[in-house]
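In our numbering, the protein residues as written are 139 to 399.
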């Protein structure tokens, strides 16, 4: 004689089956891929003068317990729709480490800001400034998306930040820079050598003119020692009073071409 199952158990059994099927579908088949996610909402910014100018922009130098880090944005929509975000971290444990996000710019449909989805991310390391970088990792990163817009006369805002900062980060370019110059920022000084960093330093040619631009706008001509890839060295002179955060502007001999990597 078959054992009868109470109606109440049949009811809960069916309910349990539906829950299991729904759970499997949500976790295995219904959840959208990160690559197919909707674009992040645009910022609330004025409709006038909101597209940033082409140029090289730098964040503040941020201290960490073992050293410091800084970000740079290379933005070029004057002749190419390209962008590069670079983050430099200097610490006792990691030495010098640079991460680069590379790709193309897209103007948002509103016409007020740019969207940037990098196609490639690469990580490099070196022992000291002036050494050549060693590639340690390369990976696809087009699931990231950044928004970029003009937030001041020489300022841009990048949202989110490269480390996922939801409020984004503010970056500034030199007051007097133009698209035919190469920009770098002073990272640290010692009695003999001033260390600098900039995405386009590899384009500095022999005989280039180097100008120190202080944060208050004062300018002084300097003696450049060498540049290797994205790092370089300037001869330290007490009369210049160069400090971390000051800018270096290079002008190559006869250089008048548009901004380019």
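Just so it is clear, CB atoms sit at the ideal spot from N, CA and C, and this is done for glycine as well.
In this text the structure is predicted, and so the values were computed from the model without any measurement.
Anticipated Cβ contact below 8 Å, residue i with residue j, distance rounded
i           : j           : result
residue 223 : residue 324 : Residue 223 to residue 324, Cβ: 20 Å. No contact.
residue 206 : residue 309 : Residue 206 to residue 309, Cβ: 16 Å. No contact.
residue 252 : residue 241 : Going by Cβ atoms, the distance from residue 252 to residue 241 rounds to 11 Å, so no, they are not a contact pair.
residue 349 : residue 338 : Not really, about 15 Å apart at Cβ, beyond 8 Å.
residue 367 : residue 340 : 5 Å
residue 209 : residue 331 : Not really, about 23 Å apart at Cβ, beyond 8 Å.
residue 378 : residue 346 : 18 Å between Cβ atoms; not a contact.
Beta-carbon spacing of residue i, residue j below 9 Å
i           : j           : result
residue 278 : residue 257 : yes
residue 322 : residue 302 : no
residue 317 : residue 399 : no
residue 369 : residue 264 : yes
residue 275 : residue 287 : no
residue 93  : residue 199 : Nothing can be reported for residue 93: it is not among the residues displayed for the chain, which extend from 139 to 399.
residue 189 : residue 245 : yes
residue 234 : residue 269 : yes
residue 297 : residue 285 : yes
Which of helix, strand or coil DSSP assigns to residue i
i           : result
residue 341 : helix
residue 204 : coil
residue 317 : coil
residue 279 : coil
residue 271 : coil
residue 266 : coil
residue 233 : strand
residue 251 : coil
residue 160 : Reliability of the predicted coordinates at residue 160 is poor, the pLDDT of 38 falling under 50, and the value obtained from them is presented with this limitation in mind. Note: residue 160 maps to helix in three-state DSSP.
residue 214 : strand
residue 198 : coil
residue 412 : In this structure the chain extends from 139 to 399, so residue 412 is not present and cannot be described.
residue 171 : For residue 171, the predicted model reports a pLDDT of 33, less than 50, meaning its position is unreliable; a value from the coordinates is still stated below. Here residue 171 sits in coil by DSSP.
residue 351 : strand
residue 393 : coil
residue 384 : coil
residue 374 : coil
residue 330 : coil
residue 139 : A caution first: residue 139 carries a pLDDT of 47, below 50, which makes its placement in the model unreliable, though a value can still be read off. If DSSP states are grouped into helix, strand and coil, residue 139 belongs with coil.
Minimum C-alpha distance to residue i - residue among the options
i           : options               : result
residue 299 : 202, 291 and 283      : 283
residue 291 : 209, 314, 216 and 390 : 314
residue 327 : 350, 372 and 269      : 372
residue 312 : 355, 212 and 365      : 355
residue 218 : 204, 229 and 193      : 193
residue 358 : 374, 343, 344 and 345 : 374
residue 215 : 231, 191 and 228      : 191
residue 243 : 221, 268 and 289      : 221
residue 228 : 204, 272, 347 and 211 : 204
residue 352 : 380, 261, 289 and 273 : 380
residue 388 : 363, 266 and 342      : 342
residue 129 : 261, 293, 249 and 211 : Past the boundaries of the shown model lies residue 129; the chain is included only from 139 to 399, so the question cannot be answered.
residue 239 : 249, 211 and 266      : 211
residue 363 : 247, 250 and 267      : 267
residue 393 : 344, 289, 360 and 250 : 344
The ligand MN heavy atom lying under 8 Å from the CB of residue i
i           : result
residue 317 : Summarising the ligand content, the structure contains no ligands, and the ligand MN is consequently not present.
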